[in-house]
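What follows is one structure encoded as structure tokens, with my remarks underneath.
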């Protein structure tokens, strides 16, 4: 509770003022609107349920008339017991066909079944002989136990689809069972007839027997949206109502009640059982009872908008003259974390808030000035450190190079001596050029070739270096001596210890505004621990193989310092496989770059 009070106390005056006025408005208008809405919804619900009861009663009358019609047809057929005699099959089929044609919207299939030999005659005899109907023998067996007409539960018939059979035993003059007459009704047609005045956007219906079986049929011709209100199982065909939903509906009392549907609560209006032993249930979306009564609370909405306008106006006045300066000061102080931008407050008043704002501006200017001085000192320190590293040509490199030149001279290889000295002079000139830290990629690769030439003079065929540079990348800007330390490490720690010739491959390309450089060797490779240690090598003793004091860590930090933290090196290596170094730089044209020919 204390934490809640403390949290509320941290709110601004504007927020508290607005909260109190808004709560008062919501309680007043919301209460009145809710009361009127509930009363109107109750009246509308009562009217809809009453109308539904009338529709259901009329539907049950229609269903009872339907039953009377079927009974009349069966009675007419039963008067022609001679049709069950042997030899009368064709005449019987013609009679059944004539009845079916007269009532094609009601009846799907008609049958006569002779008890003596179980022979079956249908109004569609040719189709029946092909597909058959396994339910007919069962109906004959059940007729022997029944003394009058009976109605089956819904079943799937090869002849009629989903159907219900009306069965009437036919007795001979001696009152012995001679056979049965069967009518399979068209449930799709029956369903469509009822759906014409029951299936709408907000309402639908279901017909269920007293044994919890669904009577109405799924019509594939109707859109699936017609069945959205009830939970149909669409994984089977034809789709069927969910069994648990059917059980729940069967347990509903007569009259109106509520039941859960797949898209929200439904109002179910259940009729009494008709002569067929079926229950007719109408379903309405609960939201349906609200959609026609919204006009009743428009006045409340209008009053609410007007009241909220008054709340906003009063809140603005408080905010404009009392709390806005304080909120501005707080917002600016919350942004002090970003010291790259100087956040100042426009102060015009001479009251306490104005004086506080001016003191804040003076403090921020001083902090910003000190921060800039610190960053400039750090940049100069990094620059001086790089110059020191560049100026530290390793004595071992010069000694080994001069020793190689001396050896070539003793062998009277004058041309090799001349080329080696020329290359050494070019390399030292490139490294000591203090005019700029930035060069084109083409110049950096040329310096790398001179370095590799000197090392090949020393080590012979220990390694080869291949360069594949995209033409559009040669004019891009790169920091001087970025690639040489990486190739140097590949030579001395990856390839020289091998007992075979190694290869260093360098590829450059521009991709989506970035200059991508990869250096791959097939040398000894490194473990993950060794890779991690490369970035801490600044604190290690300098290697005797170094051309300068620049190492992996220096290269990575220089790139981050000049181009941003998102650029730099990434290294992947496997022992006895090799090492891959990926360098990412911004693809920026060098100011004095010449277009490659």
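Numbering (full-length UniProt numbering), first residue to last: 1 to 597.
Note that beta-carbon positions come from the ideal geometry of N, C-alpha and C, so glycine has one too.
Remember, predicted model here, so these are calculated numbers, not experimental data.
Here the alpha carbon of residue 469 sits roughly 29 angstroms from the alpha carbon of residue 398. Our two residues, residue 122 and residue 161, have alpha carbons roughly 15 angstroms apart in a direct line. In this structure residue 528 does not touch residue 578 by the C-beta definition: roughly 15 angstroms separates them, more than the 8 angstroms allowed.
Of the residues 166, 117, 145 and 185, the one whose Cα lies closest to the Cα of residue 104 is 185.
When C-beta atoms of the region 452-465 are compared with those of the region 416-425, three or more pairs fall below 8 angstroms, so the two segments count as touching.
For residue 271, the number of other beta carbons within 10 angstroms of its own is at least 16, and it is reported as buried. In the three-state DSSP reduction, residue 422 falls in the helix class (H, G or I). Taking the Cα positions, residue 158 is about 14 angstroms away from residue 137.
Annotation for residue 586: no alpha helix (DSSP H) segment contains it, though the beta strand (DSSP E) segment containing it runs 578-586.
The Cβ atoms of residue 231 and residue 242 sit closer than 8 angstroms to each other. When rounded, the separation of the alpha-carbon atoms in residue 280 and residue 2 is 59 angstroms. For residue 265, the enclosing beta strand (DSSP E) begins and ends at 264-270.
Judged by beta-carbon spacing, residue 252 lies beyond the 8 angstroms limit of residue 215, meaning their Cβ atoms are not closer than that value.
According to the DSSP secondary-structure assignment, residue 157 is paired through a beta bridge with 161.
Residue 209 is positioned such that its CB atom lies closer than 8 angstroms to that of residue 153. Looking only at 128, 274 and 358, the smallest Cα-Cα distance to residue 112 is reached by 128. Within the same chain, and ignoring the five residues on either side of residue 245 in sequence, the residues whose Cβ sits closer than 6 angstroms to its Cβ are 231. Ranked by Cα distance from residue 229, the first of 285, 240 and 256 is 285. In the structure shown, residue 558 falls within a helical segment according to DSSP collapsed to helix, strand and coil. Counting only runs of at least 4 residues, the region 485-534 fully encloses the following alpha helix (DSSP H) elements, listed from N- to C-terminal order: 528-534.
Residue state for residue 232 is assigned as strand, using DSSP reduced to three classes. In the three-state DSSP reduction, residue 468 falls in the strand class (E or B). 8 angstroms or more divides the Cβ of residue 76 from the Cβ of residue 170. Within the same chain, and ignoring the five residues on either side of residue 140 in sequence, the residues whose Cβ sits closer than 6 angstroms to its Cβ are 113 and 180. Under the three-state reduction of DSSP output, residue 152 falls in the coil class, being neither helix nor strand. By DSSP's assignment, residue 245 forms no beta bridge with any residue. Check the Cα spacing between residue 189 and each of 95, 106, 240 and 68: the tightest is with 106. Shown here, residue 575 sits in coil according to DSSP, grouped into three states, outside any helix or strand. For the pair residue 133 and residue 64, the Cα-to-Cα distance works out to about 27 angstroms.
Here residue 583 is buried. Its C-beta has 16 or more other C-beta atoms within 10 Å. Residue 209 is bridged by DSSP to 278. Comparing alpha carbon positions, the residue from 413, 163 and 255 closest to residue 238 is 163.
Annotated three-state conformation of residue 143 is helix, per DSSP.
Looking at the backbone, the Cα of residue 331 and that of residue 359 are separated by about 16 angstroms. When C-beta atoms of the region 461-468 are compared with those of the region 487-497, three or more pairs fall below 8 angstroms, so the two segments count as touching. For the pair residue 86 and residue 196, the Cα-to-Cα distance works out to about 45 angstroms.
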